[in-house]
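Protein chains in written order, with the numbering used here: chain A, 2 to 791; chain B, 72 to 281. Think of the CB as a built atom: it goes at the ideal place given N, C-alpha and C, for glycine as much as any other residue. Nothing here was measured: the structure is a model prediction, and the numbers come from that model. Take a look at the structure set out below.
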Amino acid sequence: MRKIWDIPGGIHPPENKKQSVDQSIGALPLPDRLVLPLNQHIGAPARPVVKPGDRVLKGQVVAEPHGIVSAGVHASTSGVVESISLHPVPHPSAMSSNCIIVRPDGEDRWIEHQGIADYGSRDPQQLLDIIRLSGIAGLGGAGFPASVKLGPRQPIDTLIINGTECEPYITADDMLMRERPGEIVAGIRILAHILGNPANILIGIEDNKPEAYDALEAALASNSSEGSDIELVDFPTKYPSGGEKQLIQILTGKEVPSGKLPAELGIVCHNVGTTQAIYRAIVLGEPLISRITTVTGQSCAINRNYDVLLGTPVRHLLANNGFDADSCPRLIMGGPMMGFTLENPEVPVIKTTNCILAPSREEMPPAPLPQPCIRCGMCAEACPASLLPQQLFWYAQSENFDRLEAHNLFDCIECGACAYVCPSNIPLVQYYRAAKGEIRTLKQEKIKADHSRQRFEFHKERLERAEAEKAAKREARRRATESARARGAEDDSGITASVATSTEASSTAATSPEAKAPEAGTSAAKATVEDIIMAAKARAEARKASPEQRRAALERGIEAARHRLDSTRQKLADGEADNLGEASLDKLRAAVEDARVKLADAEGKLAKLDLPDSNDSDPADSSRDTGSAERVAKKLGDSPRQQLQGKIAAINNRIAVTEQKLAELTDAATLDALRSGLDKQRQKLAEAQQQLSALPVDTAPAPVESPVQDAAAAAITRAREKAARLAQMSPEEKLRSNLDSLVSRLDKARARLATAIAENADHVETLRTTVVNLESKVREAETKLAQGDH
Amino acid sequence: MYDIIAQEPLIAALTALVGLAVVFGAVLGFAAVRFKVEGDPIVDQIDSLLPQTQCGQCGHPGCRPYAEAIANGEAINKCPPGGQTTINALANLLDVPAPELDAEHGVESEVKKVAYIREDECIGCTKCIQACPVDAILGAAKQMHTVIASECTGCDLCVEPCPVDCIDMLPLTPTLADWRWQLPPPTPSLLNRQSKANIIATDRGGSAAA
Ligand code: SF4
Ligand code: SF4
Ligand code: SF4
Ligand code: SF4
């Protein structure tokens with residue numbers, strides 16, 4: 002006989018187990034629909050792998066595990082996937098969650114499946130994968146994925162099978178042990194193999210289940226060839242000896258330290274139901290699609306255990322048990338100590354549903370009114386985790402989370418023993434649950450806040466860096482501008498001269514980067530380009546000088562022109578005096594004419610400048626000035642193809658001009674010079690055309706830009722128009738148009754949701770919220786409109 | 072040695088004291104260098120209690136500047152996103168009485184919110200990106216923008232700059248994952264006899280004891 006330890010505290014509530022063990026485990030007719038929540042376990046929800054309208058067979062995967070701590074979901078009978086949608090799920094919050102809804106076809110046809118009889122020769126990892134894909138999560142109540150618990154990093158020397166079932170009313174494990182002990186024992190062998198045959202394998206049973214004990218003993222004896230190493234232990238009944246840490250303490254005397262896992266002591270603990278499910282998954286190849294659930298309570302005519310298909314609505318279960326809704330104040334999923342109230346009987350039976358309790362009013366009267374704590378200390382005596390429940394209660398009330406954690410709130414297993422014994426009827430467990438939730442939320446918020454802080458700091462740093470870069474660039478430009486200005490001032494000896502330099506500058510500016518850009522690094526090229534643009538702009542700016550300066554410049558120009566006129570006249574007179582040839586005299590005459598025209602021109606400009614309303618520069622002149630800067634900028638911003646095209650056009654132009662000149666001229670020397678220039682130009686043209694044809698087809702970013710910009714402008718105008726229209730509308734019209742736009746948005750959102758669901762996209766949840774929000778907005782708008790009508 | 076002490080007790084005592092002072096001074100000086108605390112710990116501590124929404128409702132350009140201001144004696148009740156919880160935590164840290172939230176800076180919102188861009192209305196002007204203090208918006212010029220919901224602190228700063236008003240602050244709907252139990256009604260009085268506390272653990276089995 003093995004030595005048994007005792008746990009501190011504990012209580013002996015009325016067991017109420019007898020009424021549901023009279024009949025054997027039953028089966029239920031197929032319900033008319035099965036609701037399979039995607040998250041029936043602790044961890045990440047499974048991901049659906051079927052679409053509405055798909056035919057599924059019994060045992061077919063409908064959702065795959067997603068992430069390590071997750072479990073798959075399987076169709077529990079054959080049928081058609083009706084939808085994947087929000088449906089109330091068994092949860093204390095009474096909220097809805099994503100479920101796959103299957104309409105059974107009544108055939109109950111299995112998918113092809115095959116077990117592994119010789120699991121002993123298989124790699125444990127392979128078996129773990131099967132367990133994971135079979136969707137097995139702890140059937141005892143918590144629903145922790147079994148494969149995770151079976152793959153610990155530490156070596157395991159003790160495997161404990163939990164057949165305690167200490168909570169009142171529940172008999173699911175009891176009946177399972179009585180009727181299917183062989184499967185449990187076979188399952189234990191598989192677990193032992195996976196865990197590397199630990200030295201101790203213990204089955205713990207409370208002594209209020211002698212039949213189960215005998216059945217297991219017989220099963221162990223019949224398979225004694227290998228069964229000798231499994232030890233069956235019974236111990237005195239006490240609530241809550243079925244808690245994992247409590248059972249470990251009872252069977253081994255070891256206390257699992259606060260915040261540690263049993264695996265760290267080399268212990269793994271599994272429920273009998275989980276063990277049996279693992280047997281079926283490995284040896285028979287059947288995934289977890291059903292479980293034993295107790296249906297009990299005085300509001301049910303029949304109290305019995307059923308092998309229930311997962312996803313069966315609770316209503317269906319009750320309907321087959323003569324449920325009397327009038328006598329039942331509330332439905333409870335789980336036991337009376339740790340279960341929770343079901344608000345909606347449509348919720349399905351899930352992997353962790355060990356009991357549906359439908360008590361009558363006398364059986365479970367409404368909770369009595371809480372009274373102030375009298376500090377009697379009974380709660381501390383009852384606590385199996387050796388906590389100080391009344392202290393925790395005080396701190397939870399005052400939300401003193403530091404003290405709560407210091408008092409090991411997280412060691413509380415929420416067994417309810419303290420609340421059960423409390424003479425003041427204080428709902429202690431609810432305080433602890435709320436406080437735990439609050440602490441977890443605060444911790445999460447803290448993590449998020451730290452994350453936000455990091456991002457904010459990075460954001461600041463990024464801005465600072467960008468600012469520094471900008472400042473450096475600005476400085477470079479300023480310097481370039483200054484030097485350009487200095488240069489500009491040097492050769493600004495007259496308008497004509499400066500215009501000439503500007504065109505010259507722009508042409509060199511346009512050509513030089515073309516030559517440089519390919520070799521230089523892009524950033525360097527950009528910098529030079531920008532500098533050149535800046536310089537050209539600065540020059541143009543300088544030329545748009547004040548009227549006084551312009552006037553001075555013009556006057557200087559006139560002066561110069563007059564001087565030239567004088568000197569040419571002088572030359573002409575000299576020439577006539579010297580009896581030069583007619584040709585030279587003509588030339589001189591032309592020069593005189595030229596000088597006169599220029600002088601007249603300059604004087605005209607000056608006159609214009611003197612007019613009060615047009616003290617601005619000559620439009621053509623200024624446009625040429627700024628134009629040159631713009632041309633430079635444009636040229637530099639152009640794509641290579643555009644640049645080449647521009648170049649070709651310019652060369653063509655020049656050729657035309659030269660040809661014209663050639664036709665006019667007769668002087669032999671100039672003719673030759675012009676001809677050779679023309680040849681050079683033609684050569685350049687040929688080169689440029691070749692380059693152009695060598696260039697890949699232009700990606701032409703320019704045309705893309707304009708429509709988008711137009712879209713922006715259009716959106717803004719649309720918004721403006723809308724506002725204007727709204728301003729003119731009557732309130733009712735406003736409401737109606739608002740409703741219309743909402744409805745159209747809703748339609749759009751619905752369509753998007755449908756596609757998202759069909760594609761099984763990640764953002765289904767968001768879209769769904771949007772739809773729900775929009776729906777509520779539409780409803781609001783409708784009611785407003787209706788009110789307006791009256 | 073003893074002679075000197077016996078003959079000149081005053082000088083001996085003074086020498087001993089000065090010697091001790093020199094030794095301890097050296098030790099303390101060394102410790103000050105060796106165990107120097109980096110940064111300003113009180114500002115860090117205050118900053119770590121602030122919600123890091125970076126919304127500027129406190130009148131400072133971010134949470135840390137406000138933390139610095141608090142360290143310099145500014146009131147601790149100016150952070151609406153943090154609400155009373157933050158004020159209490161700050162009061163606890165600084166050992167001062169916890170005031171109510173200063174309504175001048177806004178009210179604590181009941182539900183957490185997250186920005187949502189109606190994407191087909193976005194014109195891609197990037198104004199919202201420039202406004203977001205935590206870079207929670209993704210997009211590029213003339214492209215559709217979107218909010219990375221998990222990074223958004225719900226600070227509201229991106230809503231105002233949007234020229235086409237396509238950003239909504241949506242309340243975060245509670246999901247199963249972040250649902251939590253609420254505290255039972257605090258004062259059990261005869262008046263709230265109807266209070267529906269969701270408990271079963273207190274049930275005594277009553278008459279049905281089998
Ligand atoms: S609910 Fe928590 S505090 Fe109360 S008895 Fe159980 S373990 Fe102890
Ligand atoms: S049992 Fe109830 S009344 Fe007694 S100390 Fe605990 S909480 Fe207070
Ligand atoms: S997306 Fe908007 S609300 Fe969210 S953090 Fe950025 S600026 Fe604040
Ligand atoms: S401010 Fe508005 S329009 Fe501009 S990029 Fe952001 S969401 Fe789009």
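Best match in the options for proximity to residue i [C-alpha to C-alpha]
| i | options | result |
| --- | --- | --- |
| Glu556 (chain A) | A:Ser585, A:Ala603, A:Gly244 | A:Ala603 |
| Met338 (chain A) | A:Asp325, A:Gly323, A:Ile357 | A:Ile357 |
| Val284 (chain A) | A:Ile189, A:Lys255, A:Met334 | A:Ile189 |
| Ser180 (chain B) | B:Ala84, B:Gln128, B:Leu99 | B:Gln128 |
| Pro373 (chain A) | A:Pro424, A:Ser399, A:Cys419 | A:Pro424 |
| Val36 (chain A) | A:Glu594, A:Val81, A:Ala420 | A:Val81 |
| Met96 (chain A) | A:Glu108, A:Val149, A:Val348 | A:Val348 |
| Leu266 (chain A) | A:Thr275, A:Lys255, A:Thr276 | A:Lys255 |
| Glu382 (chain A) | A:Pro369, A:Val422, A:Glu400, A:Phe394 | A:Val422 |
| Thr246 (chain B) | A:Asn163, A:Thr165, A:Glu113, A:Ser94 | A:Ser94 |
Residue i burial status per 10 Å Cβ neighbour count (16 or more: buried)
| i | result |
| --- | --- |
| Trp6 (chain A) | exposed |
| Asp235 (chain A) | buried |
| Tyr187 (chain B) | buried |
| Leu261 (chain B) | Its pLDDT being 41, under 50, Leu261 (chain B) is placed unreliably by the model, and the measurement read from it follows with that caveat. Label assigned to Leu261 (chain B): exposed. |
| Val698 (chain A) | Unreliable placement is indicated for Val698 (chain A), whose pLDDT of 47 sits below 50; no coordinate value is reported for it. |
| Leu128 (chain A) | buried |
| Gln250 (chain A) | buried |
| Cys134 (chain B) | buried |
| Gly489 (chain A) | buried |
| Gly68 (chain A) | exposed |
| Arg479 (chain A) | exposed |
| Asn143 (chain B) | exposed |
Beta-carbon proximity check, residue i vs residue j, cutoff 9 Å
| i | j | result |
| --- | --- | --- |
| Pro182 (chain A) | Glu207 (chain A) | no |
| Lys449 (chain A) | Thr224 (chain B) | yes |
| Pro800 (chain A) | Cys384 (chain A) | Outside the modelled stretch of chain A, which goes from 2 to 791, sits residue 800 (chain A), for which no answer is possible. |
| Cys226 (chain B) | Thr124 (chain B) | yes |
| Pro105 (chain A) | Val315 (chain A) | no |
| Pro428 (chain A) | Pro371 (chain A) | yes |
| Thr294 (chain A) | Leu262 (chain A) | no |
| Cys380 (chain A) | Tyr240 (chain A) | no |
| Gly73 (chain A) | Glu65 (chain A) | yes |
| Tyr433 (chain A) | Ala407 (chain A) | no |
| Gly260 (chain A) | Phe402 (chain A) | no |
| Pro232 (chain B) | Gln201 (chain B) | yes |
| Val264 (chain A) | Gln155 (chain A) | The question names Val, but residue 264 (chain A) is Ala in the sequence shown. Their beta carbons are under 9 Å apart, which means Ala264 (chain A) touches Gln155 (chain A) by this criterion. |
| Ala554 (chain A) | Lys599 (chain A) | no |
| Ser71 (chain A) | Gly44 (chain A) | yes |
| Leu151 (chain A) | Ile204 (chain A) | no |
| Ala219 (chain A) | Val296 (chain A) | no |
| Ala855 (chain A) | Ile12 (chain A) | The displayed coordinates of chain A run from 2 to 791. Any statement about residue 855 (chain A) would go beyond what the structure contains. |
| Lys785 (chain A) | Leu736 (chain A) | yes |
| Asp325 (chain A) | Cys301 (chain A) | yes |
| Leu607 (chain A) | Arg565 (chain A) | no |
| Val103 (chain A) | Val62 (chain A) | no |
Distance between beta carbons of residue j and residue i, contact taken as under 8 Å
| i | j | result |
| --- | --- | --- |
| Gly141 (chain A) | Ala147 (chain A) | Between Ala147 (chain A) and Gly141 (chain A) the Cβ distance is about 10 Å, and since that is not below 8 Å, they are no contact. |
| Ile279 (chain A) | Ile132 (chain A) | 6 Å |
| Lys59 (chain A) | Ala47 (chain A) | Lys59 (chain A) to Ala47 (chain A), Cβ: 18 Å. No contact. |
Proximity test, Cβ basis, 9 Å: residue i and chain D
| i | result |
| --- | --- |
| Ser300 (chain A) | The question asks about chain D, but that chain is absent: this structure's protein chains are A and B. |
Requested in this report: Report yes or no: do the segment 159-174 of chain A and the segment 195-203 of chain A share at least 3 C-beta pairs separated by less than 8 Å?
Outcome: yes
Query raised in the report: Using 8 Å as the threshold, is the segment 151-161 of chain B in touch with the segment 192-206 of chain B, meaning 3 or more CB pairs across them?
Result: Cβ pair count under 8 Å is below three, so no.
**Report entry** Validate contact between the segment 427-445 of chain A and the segment 114-131 of chain B using beta carbons, cut 8 Å, 3 pairs
**Finding:** no
Requested in this report: Answer yes if the segment 23-36 of chain A comes into contact with the segment 301-309 of chain A, meaning at least three C-beta pairs across the two stretches below 8 Å, and no otherwise.
Outcome: yes
Query raised in the report: Should the segment 174-193 of chain A be called in touch with the segment 211-218 of chain A, which here means at least 3 C-beta pairs below 8 Å?
Result: yes
Requested in this report: Flag this pair as touching only if the segment 32-45 of chain A and the segment 257-275 of chain A have three or more C-beta atom pairs under 8 Å; answer yes or no.
Outcome: Contact between the segment 32-45 of chain A and the segment 257-275 of chain A is absent, with fewer than three C-beta pairs closer than 8 Å.
Report task. Indicate whether the contact test is met: 3 or more Cβ pairs, each with one atom in the segment 82-90 of chain B and one in the segment 134-149 of chain B, closer than 8 Å. Result -> no
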